[in-house]
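Participant: In this text, residue positions in the sequence shown follow full-length UniProt numbering: the first is 1, and each later residue adds one.
This structure is in structure tokens; I'll ask about it shortly.
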Amino acid sequence: MIEVDVFWSFAFGASFAACAASTLSVSPSPFVNRPFVLTLLFLSLLFVPSGTYLLDRFPGWESMFIFTSGRDAIPPLLTTTFTLTNSALGILGFYVTYNHIRAHRDNLARDPSYHKYWIHAYSCFTAILGMGYYRFTYPGTYRDWKAGITFQMTQFVFSPVFNTLLAMGTIFVPVIYYLMYTLASETFQELSKRHAAGNVSISAGQIKKNVLSYILRTAVVDFIAISCAWGLAMNTHYVDDISYFEHGWAGKYAPLVGFAVGHTVVFGLVLVPIVSIRTGRDLKKSQ
């Protein structure tokens, strides 16, 4: 979706860079290295084409029903900008994370703060989708939305949008997991070896725990901060938006509930490849 893809693209670039911290810490260039090439291939061959297809196939849903007159209502310049940002912001996320890694390359094993950029991006991603859950899970067309037709959220599971997302996910998810798993596994091993050569050693397992702990703590802080901002906004200027407050069992607090659910689900899925790394076995294989 247009509103979240900018954050998603940035998160992809930043997360791939963070997982490849050991390689990037010794790379003199942010763009001449294997992790960046893999990131660029992912963005150009998968992410950008999929976003463009969804915008053309489901213009109402992709714009969260801002455009309710079909694809003809979408200015060509917007489509061009959308495809540009889906790649450019991924590169920016990679570049920003690379700079942080290079600046703190001597303490990467104990300070996993280079993961913060993609965590913040995903938090914004889940806030928009979660708080706008009714728009995200609306199974009808832009004509249905414009006509005010309502649907049960469960009907989204049987909609063309969901089936398309499911088909894309069968390709996306394995590729994302493979990249994150492979790059992070190499980083845990390499950082552990570097410390083993010094006076103070740290195991790959401990590095993994530090990373997971940091991700979870930061995600929780993000959730609290965004929730507080939402609460202040609602208290100072209440907006009676049918897409937010008149659907769902939580009533006025439905956006917050949607955010909590989305935040938990998304971060749970994102953490799978990192949690799956078996540091002890991988280290034995690498020796």
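Beta carbons are placed, not taken as given, at the ideal position from N, Cα and C, and that holds for glycine.
Please classify P273: is it buried, with 16 or more other beta-carbons within 10 angstroms of its beta-carbon, or exposed?
Facilitator: Your numbering for residue 273 matches position 273 in the sequence shown. Buried, by the Cβ-count rule.
Participant: By the three-class DSSP mapping on this structure, what secondary structure does R217 have?
Facilitator: Taking the first residue of the sequence shown as position 1, residue 217 is located at position 217. Three-state DSSP puts R217 in a helix.
Participant: Please state whether DSSP places D111 in a helix, a strand or coil.
Facilitator: Here residue 111 refers to the residue found at position 111 when the sequence shown is read from its first residue. Here D111 sits in coil by DSSP.
Participant: What are the boundary residues of the alpha helix (DSSP H) that includes R194?
Facilitator: Your numbering for residue 194 matches position 194 in the sequence shown. 160-196 is the span of the alpha helix (DSSP H), which, as asked, contains R194.
Participant: Helix, strand or coil, according to DSSP, for V239 in the structure here?
Facilitator: Position 239 of the sequence shown, counted from the first residue, corresponds to residue 239. The pLDDT assigned to V239 is 47, lower than 50, so where the model puts this residue is not dependable, and the model offers no usable value.
Participant: Indicate the three-state DSSP secondary structure (helix, strand or coil) for Y138 in the structure shown.
Facilitator: As a first step, residue 138 is located in the sequence shown; it is residue number 138 there, counting from the start. Three-state DSSP puts Y138 in coil, outside helix and strand.
Participant: According to the Cβ coordinates, are V157 and F58 closer than 9 Å?
Facilitator: Position 157 of the sequence shown, counted from the first residue, corresponds to residue 157. Position 58 of the sequence shown, counted from the first residue, corresponds to residue 58. Not a contact, by the Cβ cut-off of 9 Å.
Participant: On a Cα-Cα basis, can you pick out the residue from T80, S25, V261 that is closest to G51?
Facilitator: Sequence index remark: in the sequence shown, residue 51 carries index 51 (1-based). Looking at the Cα atoms, T80 is the closest of the given residues.
Participant: Between Y114 and H104, which are expected to be in contact by the criterion C-beta below 8 Å, what is the C-beta distance as a whole number of angstroms?
Facilitator: By 1-based counting over the sequence shown, the position of residue 114 is 114. By 1-based counting over the sequence shown, the position of residue 104 is 104. The Cβ separation is near 7 Å, so the contact holds.
Participant: Can you look up V32 in the DSSP assignment and give me helix, strand or coil?
Facilitator: Numbered from its first residue, the sequence shown carries residue 32 at position 32. Coil at V32, not helix or strand.
Participant: Count the other CB atoms, across all protein chains shown, that sit within 10 Å of the CB of L45; report buried if there are 16 or more and exposed otherwise.
Facilitator: Along the sequence shown, read from residue 1 onward, the residue named residue 45 stands at position 45. Result: exposed.
Participant: Can you have a look at K209 and say buried or exposed, based on whether 16 or more other CB atoms are within 10 angstroms of its CB?
Facilitator: Mapped onto the sequence shown, residue 209 falls at position 209. Classification for K209: exposed.
Participant: Would you tell me roughly how many angstroms separate the C-alpha atoms of A219 and L24, rounded to the nearest one?
Facilitator: Residue numbering aside, residue 219 sits at position 219 when the sequence shown is read from its first letter. Residue numbering aside, residue 24 sits at position 24 when the sequence shown is read from its first letter. Each residue's Cα considered, the two are about 24 Å apart.
Participant: List the endpoints of the continuous alpha helix (DSSP H) containing V96.
Facilitator: Residue numbering aside, residue 96 sits at position 96 when the sequence shown is read from its first letter. 76-103 is the extent of the alpha helix (DSSP H) around V96.
Participant: Assuming the contact rule is C-beta atoms closer than 8 Å, S9 and G90 should be a hit. Round their C-beta distance to whole Å, please.
Facilitator: Taking the first residue of the sequence shown as position 1, residue 9 is located at position 9. Taking the first residue of the sequence shown as position 1, residue 90 is located at position 90. Contact flag correct, Cβ pair sits at about 4 Å.
Participant: With a threshold of 16 other CB atoms inside 10 Å of the CB of C19, please say whether the residue is buried or exposed.
Facilitator: For the purposes of this step, residue 19 is taken as residue 19 along the sequence shown, with counting starting at 1. Result: buried.
Participant: Quick one: residues in its chain with C-beta nearer than 7 Å to the C-beta of I207, no 5 flanking neighbours on either side, listed in chain order?
Facilitator: Start at 1 with the first residue of the sequence shown, and residue 207 comes out as number 207. Answer for I207: A109, F188, L191, S192, listed in chain order.
Participant: Report the rounded CA-to-CA distance for G132 versus Y138, giving the unit in angstroms.
Facilitator: Translated into the one-based positions of the sequence shown, residue 132 becomes position 132. Translated into the one-based positions of the sequence shown, residue 138 becomes position 138. For G132 and Y138, the distance between alpha carbons rounds to 10 Å.
Participant: In chain order, what residues of the same chain lie with their CB nearer than 7 Å to the CB of Y95, ignoring the 5 residues before and after it?
Facilitator: Along the sequence shown, one-based indexing puts residue 95 at 95. Taken in chain order, the residues that qualify are P30.
Participant: If contacts are defined as beta-carbon pairs under 8 Å, then A17 and Y98 qualify, I think. What distance do you get, rounded to the angstrom?
Facilitator: Here residue 17 is taken as the residue at index 17 of the sequence shown, counted from 1. Here residue 98 is taken as the residue at index 98 of the sequence shown, counted from 1. Yes, A17 and Y98 are in contact; Cβ-Cβ is about 5 Å, under 8 Å.
Participant: With DSSP collapsed to three states, give me the class of A262.
Facilitator: Taking the first residue of the sequence shown as position 1, residue 262 is located at position 262. The identity of residue 262 in the sequence shown is Gly, whereas the question assumes Ala. In this structure, G262 counts as helix in the three-state DSSP scheme.
Participant: Report whether the distance from the Cβ of V261 to the nearest heavy atom of the ligand MG is below 8 Å.
Facilitator: This structure simply doesn't include the ligand MG, nor any ligand for that matter.
Participant: Is the beta carbon of F151 less than 9 Å from the beta carbon of G140?
Facilitator: Residue numbering aside, residue 151 sits at position 151 when the sequence shown is read from its first letter. Residue numbering aside, residue 140 sits at position 140 when the sequence shown is read from its first letter. For F151 and G140, yes; Cβs fall inside 9 Å.
Participant: So the candidates are N33, F125, V265, A73; which of them puts its Cα closest to the Cα of M1?
Facilitator: Stepping through the sequence shown from its first residue, residue 1 is reached at position 1. Taking only the C-alpha atoms, the option nearest M1 is F125.
Participant: Whose C-beta lies closer than 7 Å to the C-beta of D56 among residues of the same chain, with five residues either side of it excluded?
Facilitator: Counting from 1 along the sequence shown, the entry for residue 56 is found at position 56. Around D56: R71.
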